[in-house]
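Everything on this sheet refers to the single structure shown next.
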Amino acid sequence: FLTSVALAQEATIAFSADELGATSYNPITSSNLNSAASLIFDRLVEQDADQSYHPHLATSWEESPDGMSWTFKLKEGVTFHDGTAFNAQSIADWIPDFAGTDNAYLVGAVDSIEVVDDLTVRFVMSRPEPNFLYNLSSTFMGIPGAASYDALGDDFGVTAAVGTGPFKLDRFDIGLETVLVRNDDYAWASDLSKNQGAAKIDRITFREIPDQSTAFLELKTGGIDLLLGVPTPFLKILKAESNVTVIQMPGTGIHYMPINVTAAPFDDIKVREATGLAINQEAIVASIYNGVGAPAHNFLISELPEAKVDPSLNVSYDLEKAKKLLDEAGWVMGDGDVRMKDGVSLTVKLFTQNGSEFTSLTQVVQAQLAAIGMEAIITVFDSSTIRDEYKANRHQLAVRGYDWNNSDILDWFFSGERIGYPNVSMWKDAEGQRLNDVAMKDSKNSDERIANFKMYHEYVLSQHLFVPIYQPTKNIAYNSDRLNVPEKIRGTRFRSQTVLDMTIVE
Amino acid sequence: MLLRYIFFRVLMLIPVSISISVVIFMIVHLLPGDPIDNLIRIGSSPDDRALLVTKYGLDQPLFVQYFRWLGAMFQGDFGEAIVLRRPVADLISQNLPYSLTLGAMAFAFSSIVGIILGTISATTRSALMEQFVRGFILLGSTVPGFWLALLMILFFAVQLQMFPVSGAKGWDSLVLPVLTIGFGGVALVARVTRVALMDARREDFVTLLHAKGLSSGTILFRHLMPHAMLPVVTILALRIGWILGGAVTVEFVFGRPGLGSLLIRALGQRDYPVVQGCLLMLALAVMLGTLIGDVAQAAMDPRIREAKT
Amino acid sequence: MLEVKDLAVAFGSVAPLSGVTFSLAKGETLGIVGESGSGKSLTAMSIMGLLSMSDGRVTAGSIVFDGQELTTLAEPAYCKLRGGRIGLITQNPMTSLDPLKKIGTQVDSVAILHLGMSKKAARANTVDILATLRIPEPALICERYPHQMSGGMKQRIVIAMALAADPDLLIADEPTTALDVTVQAQIIRLLDDLVKQRDLALLLITHDMSVVAQTCDKVVVMYAGRAIEQGPVLEIFDDPQHPYTQALVGCIPRDLGDGEKLTSIPGTVPTVLNYPSGCKFHPRCARNQDICTTEQPELVRNGDSAVACHFAGAST
Amino acid sequence: MSNLLEVSNLSKTFSSSGGPFRRARTMHAVNDVSFDLPKGRVVGVVGESGCGKSTLARLILRLIEPTKGTLRFDGEDLRAKTSAQMRDLRAHMQMVFQDPYSAIDPRYTIERAVLEPFIVQGVKPSGGGAAQVEDLLNMVGLNPGLADRFPHQISGGQKQRVGIARALALRPSLLVLDEPTASLDVSVQAQIIGLLEQLRDELGLTYLFISHDLSLVQYFCDEILVMYLGRVVEVLPDTNRQACHPYTITLMNSTFVPDPKQRRVIRPLEGEVPSPFDLKPGCAFADRCPQVNEICRTETPELSKHSGHLVACHNPI
Amino acid sequence: MTNVIGKKTGILSWLRNTPLAKAFDSWLGKIAGGFLVLLLLTAIFAPWITPFNYAAQDLMNGNAPPAWPNLLGTDQFGRDVFSRVIYGARTSLSVSVTAISISIAAGMTLGAAAGYFGGIFERVVMTVVDLTWSFPDILIALIFVAIIGPGLTSTIFAIAIAYLAQFTRLTRAQIVRLKRETFIEASINLGGKPRHILLRHLIPNAITPVIVIGMLAIGDGIVLEATLGFFGLGAQPPTPSWGAMMSSGTAQLFLSPWVIIFPGMAVAATVIAVNLFGDELIRALDIRDRIKEA
Ligand SMILES: Nc1ncnc2c1ncn2[C@@H]1O[C@H](COP(=O)(O)OP(=O)(O)OP(=O)(O)O)[C@@H](O)[C@H]1O
Ligand SMILES: Nc1ncnc2c1ncn2[C@@H]1O[C@H](COP(=O)(O)OP(=O)(O)OP(=O)(O)O)[C@@H](O)[C@H]1O
Ligand SMILES: [Mg+2]
Ligand SMILES: [Mg+2]
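Protein chains in written order, with the numbering used here: chain D, 1 to 506; chain F, 1 to 309; chain R, 1 to 316; chain Z, 1 to 317; chain U, 1 to 294.
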């Protein structure tokens, strides 16, 4: 009896698709963290699905009217896994460690830290940062124990990791699995979870399963209890399984097709616009995604206020208009099914990265482009080679996706400083750069930031630099014979608040 | 005699290893793509990039990089993974056990079953049995491994739920991968055993063995088998490298860790040190395989032992 | 000691051997001569009961050894006989020994199997025999492998194996063909001595008429799978009856007077697949008549000798 | 009588390639051989297997390069010839090989094989290819109907005849016969020997006849060279000459006489031809020689006249 | 004496006497050979046989199980699996045949040169070749594709490289053996130039087993192409190849098994037929011993 109880308190969760490949649980230096990191480290604030911010290790915060400082009150009685106490000094020790790392931009606007008292800390800013709470709620802002962080050096997050989270790192086999054990002392959950104490599950194994169908079959056969990132094609059958429950969360990214504006024929804005009009987002969602998720008509996820642009700028399917535009641009229907201009046929390169989701999507895109007389030749690259192709400017169209629920993604993909990669559109434009600077650096507060980014977004849209296609949902499926999972997932992603509320079925 | 042979045979490995290391180093640097790109994230500047390039020594001339690498290697240091950010040696030692377990099981399975089947098909007087084994051999050596793996998953893991779909936990997760690799291996070993036995049976000395009054069984086990095992051992020894590296497909389908998958992943991320490390390990395994094969041959065959020293 | 009567052998539908008859007594040496493919080895294999190794079978006739019918003998009993009472020396010493096993082990196994000796006793026996065969340092040789020995040595080892269980009948299938002249002389001499010392019956198969002339008491001449003539060696050489035998004797280069030429037989030796009808020799025979093309001549006995020719005795 | 071929001090050593950890060993396959072959004579070479007979034949035809020594063919120094000149000369000196079974390309018809000499020499066969083939096949006693057969469709004796026909195609003056009958049945051997005798008489050929069969050489040749371990140990100028070298005598005693009335007790010599690797100084036959004494072990005997012919022995009988 | 081979009575009887025809003698040979001929015809006449365009998508009819008119069902894009399997034969066969042909050409050149010239050259070539030989071919192919990028061309070269060693070894073994044959010496003795020896004797005699092994290797090539395709590295969409079809089917293993089962069966059946037919050829040509040399 005892052993069966002990066994029953274990759960196996599988990562698939976008959560794969974390190389370390060091939140400061790592560029790729998965959901397990959110269980080891707690953040000052949490963001909910409605984009609102909730206190976690911070009980309250205050932004100075000029935006030049942020003061946080901290929760009392919080301890790290190694027993040291969490207090204002922990914050002061932590932030400077970002200097020189890939994640430094998250605290790029922070000038210095003041320890006001044991439980009060003040961030002194070098410029206003309306995005600060978003940054603080990022997984990368999970707070490590400073003593242990210094002691372990490069091994932090690999051999051991110390945070304040509801679970402790037991073992990390890179690329394979991560084993977490419960932090019995935990009593400082955010208000996103009902359970404010220690987790109900003793031990969680996170497995990385690269092949989506394998992950799916594992769930179906009971090999795993919960699957993060269920491929949409499988949702239908999973829903039909009596012991499997599926939860859909709003997505945090977009699948889109960047257009290389420097490569003929796409140097002609009419051709670019026509390309956008050829893509039938609704049909794609209905067919290969079985109606799950949403069509994307601009670059940002629909939950962001910056996504609510002038409707005329949204990109939607209009075959006739597309054909008309191409005719105007001088590309006329030839003998075959491919348009011609000056003896050149409208044949373009369509790149994508391997991984089954994009290749499927690309093939549909290819078929839809054929309908306007554009012949697209697909090449499927691995992630490294494709970047070389971009940088060498050998591409024309590509199908890709991003996962980022903040409007500053526009800067990342369209800033003239990052031509080639990640600015795959190869777009450099004075007006665009000006709008970018304003949005990134001159926004004093959140409303201003929204307005600035919306303007930038609209300008980007008007230039037809890409074709938005699809906003996927985040799909979670679990074995309801094994686990109880809250019906509604709080937060933007699957994180500690959900795990705290999960229980094993007796 | 044998010891002397082994000694010289091992000495011979030195020049071979050095040339292999050059080849591997060159291959890796022929790869397009840049590992640093995998490290860069939103917001980093060209300076950050340059810093990383210097940190990993990628700005040095090729031969400098080679000698550094080789020098470190002699101290047992395989370098630091650029993308995976940890000693390559750690990565290898983490993955190798999986490859070794799978390899050893598949190896044992295919040798034992293969030799038994091969012997049966070469000696049986039942036409039915012979046809059955031949059919099995044919299937085993022609059906694509990944397809077989998929079918086995569909049947044994999903339908019957006898074994897990994927993963590398517990003995039961080994069964399907071992069967998949083993199926091809059994066919190969059985075929070689069969042909070798039939050839051995045609040798002149067998007539004399019969003439001495030995029974067919004694002749088979005491004299023919040792002969038939000569080519079988060679093939099996060569398979050591094959099983370690060639199991990528099976590792991929069954979501198992292993040297092959590590290599493929590192290849995709252009993680030079890891690719180099893995290739070197595989080359080592291949060399070890040929070494074992040669030594086993020498141990079994006095002619070889003599001719080569 | 050995009586072979009307022996016929077939492999599936091909019948490479038929109508072979001869007998051999203790202390006697019987030579079987014939050209390549004439069925000499097959005869030996039939006596040894080893045809089934290559899917052949005795289709007619009998082989009686020491009063025991061999053609119907069960395999286990045959195993006792082979190597025990009948020893075989094979054609090619180079490939007749198991290259993976030491010489000693290979010879020992015979005595262990047939005389029930212990390993130790068997080794002593082996060393004894090797010494009789004038092999220097026999104990050392036992630890060697076959590839370390010369052809002549290997042939002696093969003889040693045939002798290890002290057999009554020795069958030597072209024991010297692969060897050099000087070594050939050594081996033939050795066999000759053994027959005399041990009172063995020796069945010596060869294609070399000179060897027969020097060593045998009786000869069987084979052509295309049949025994066509037999008799005491002197008679066969002096007064061969069969035209083939006559030509064969004339084929051998020797000190001929000036202007004398070798007799040559026109045409080629037939293979099993194109054996002619009637007398197998008729296409090459000077005496060829109609009857030869249709009727197979029987072996007709005349005193000690016998001949299978429709026109036996007639001169060319 | 002029000499068609003059061989002097011809030597050939082979070295077994030493591996990185292996000692290289040299072997004297042919060691300081000198003799003349007068036009129209048949000179025989006898010796046991491995004594260098085939190597000697190859050296004479320059199929392999001698290590040292000179070769004169029809008065011309063969070793001074370029490979192109050599190619032209090959028309005049031909060879019949030991193993007829592999002497014809299995993919060639008999016709093609017989025509190959014309093709490689760039010579137009007189009277056209087909007629030439018919002539040649007739000359060696083969049915011209065999011309479109492949080698595996004819017998060993027939193959050897094809080999002879091909060698004769370009009308050579010297024919080197390397054990042409060794792999044939006795009855067929007699046919080939008969054919060779006939051709010699008809075409006035000069033969170098190699064999391990002393009685055959005695029957067929005018003059006999006896070889032992790469050296010529005795030259018998005619077949009735009494041999003086103990080895030649051994060879003669080891040969069986095909006559049951002349049975004699065989007294074979012990031992076999030693390994040709790393020869010790002294006479190579010393270990097996009944006449052996001190000097034999230290000094290599040179060929010198003894009872009227050349013998390389310190104590000739 | 009877004439063993028949008189020349035209092309037909000549054809009947070729080893290729002899491989059809046994019933196994007939079945396997017949299948291959049929497959070849199917591949050649694919556009006329297939009921649907292999690339035509019908998104609303995705993952349909086998039924009329999609005999083998449809894939996730609603493309007809039957038509794609047939077109796949084109890709798979042509890739494999081209790759193996390149491999044979290169391998024979290398092997012949190594065997003919010997010495250091031979050692170097054989060491390199042996190295590639003892490395798993899938890894060689994956590394090669990683170097020159995905696509059919690189697949072809990857397969060609993976099998290069086999042909080089085989050719070299043949040449080395043939060089010892008397007829080579005889030809030299007649005055044959190296060119003549190499082109008229050595290569013609070495070629048969190489071609036969090449024929067998076509089967392996198909499997390797399929495996690369399974990793997404072979034919680029929408071009169907058997391997690529199975790779797009992995995610669908459970949804629509027909998408992977049928191409898999096509691969298995073809490779088995190739092997059976190759065995018959080996028997008809009687070259088993020569093949073993390598
Ligand atoms: N296993 C077999 N199957 C079919 N035919 C066989 C078999 N063994 C031997 N023969 C045939 O039987 C005939 C006689 O063969 P055998 O070996 O007795 O000849 P031999 O006189 O010993 O010749 P050699 O002097 O070459 O040894 C040959 O023509 C051979 O082709
Ligand atoms: N190409 C070679 N490389 C190395 N050794 C060789 C070569 N050719 C011949 N030999 C060696 O030279 C010696 C003489 O060989 P050769 O073929 O001339 O002997 P042979 O008298 O013709 O013998 P046989 O009667 O067996 O034909 C042998 O020991 C042989 O092994
Ligand atoms: Mg025989
Ligand atoms: Mg020779």
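We put the beta carbon where it would ideally sit given N, CA and C, even for glycine.
Residue 215 of chain U counts as buried, since at least 16 other C-beta atoms from the protein chains shown sit within 10 angstroms of its C-beta. Residues of the stretch 186 to 197 of chain R whose Cβ lies closer than 8 Å to any Cβ of chain Z, in chain order: 186, 188, 189 and 192. For the stretch 161 to 180 of chain U, the set of residues with a beta-carbon nearer than 9 Å to any beta-carbon of chain D is empty. Segment contact: the stretch 113 to 122 of chain D against the stretch 71 to 80 of chain D, three or more CB-CB distances shorter than 8 Å; contact assigned. Contact check for residue 65 of chain R and residue 227 of chain R: beta-carbon distance about 18 Å, past the 8 Å limit, so the pair fails to qualify.
For residue 88 of chain U, no Cβ of chain D is located within less than 8 Å of the residue's own Cβ. At a beta-carbon threshold of 9 Å, the residues of chain Z lying near residue 207 of chain R are 185 and 186, ordered along the chain. Assignment of residue 80 of chain U by DSSP, reduced to helix, strand and coil, places it in the strand class. Not one beta carbon of chain D lies nearer than 8 Å to the beta carbon of residue 183 of chain U.
Contacts with chain F (Cβ-Cβ distance below 8 Å) from the stretch 140 to 172 of chain D involve 154 and 158, listed in chain order.
Residue range 181 to 198 is occupied by the alpha helix (DSSP H) that includes residue 192 of chain R. For residue 59 of chain Z, the CB contacts under 7 Å within the same chain, skipping 5 residues up- and downstream, are 10, 12, 30 and 66 in chain order. Between residue 94 of chain Z and residue 190 of chain Z a beta carbon distance of about 23 Å is seen, past the 8 Å cut, so the two are scored as non-contacting. Contact between the stretch 156 to 172 of chain D and the stretch 80 to 97 of chain D is present, with at least three C-beta pairs closer than 8 Å.
Following the DSSP letters along the chain, one finds residue 111 of chain D inside the beta strand (DSSP E) bounded by residues 110 to 117.
The continuous alpha helix (DSSP H) containing residue 76 of chain R extends over residues 75 to 81. For the pair residue 167 of chain F and residue 255 of chain F, the CB atoms are nearer than the 8 Å cut-off. When C-alpha distances from residue 132 of chain F are compared across F:141, F:117 and F:112, the shortest belongs to F:117. With a threshold of 16 other beta carbon atoms within 10 Å, residue 102 of chain D meets it and is buried. At a cut-off of 8 Å between beta-carbon atoms, residue 99 of chain F makes no contact with chain D.
Taking residue 57 of chain F as the centre and dropping the five residues before and after it, the same chain places the C-beta of 65 and 68 closer than 7 Å to its C-beta, in chain order.
At a beta-carbon threshold of 9 Å, none of the residues of chain U lie near residue 479 of chain D; the nearest stands roughly 16 Å away.
A check of alpha carbon separations from residue 187 of chain U across Z:3, Z:199, Z:106 and Z:290 identifies Z:106 as the nearest.
Remark: C-beta atoms of residue 32 of chain R and residue 222 of chain R approach each other more closely than 8 Å. Contact note: residue 226 of chain F reaches chain R through 98, 100 and 101, using a C-beta cutoff of 9 Å and chain order. When beta bridges are read from the DSSP output, residue 232 of chain Z appears opposite Z:227.
Contact note: residue 83 of chain R reaches chain F through 211, 212, 213 and 214, using a C-beta cutoff of 8 Å and chain order.
The DSSP-derived three-state label of residue 210 of chain F is helix. Contacts between residue 246 of chain F and chain U, judged by CB atoms closer than 8 Å, involve 136, 137, 138 and 139 in chain order. Scanning its chain for C-beta atoms nearer than 6 Å, with the 5 sequence neighbours on each side dropped, one finds around residue 191 of chain D the residues 54, in chain order. Shown here, residue 419 of chain D sits in a strand according to DSSP, grouped into three states. In this structure, the beta-carbon distance from residue 228 of chain Z to residue 277 of chain Z does not fall below 8 Å.
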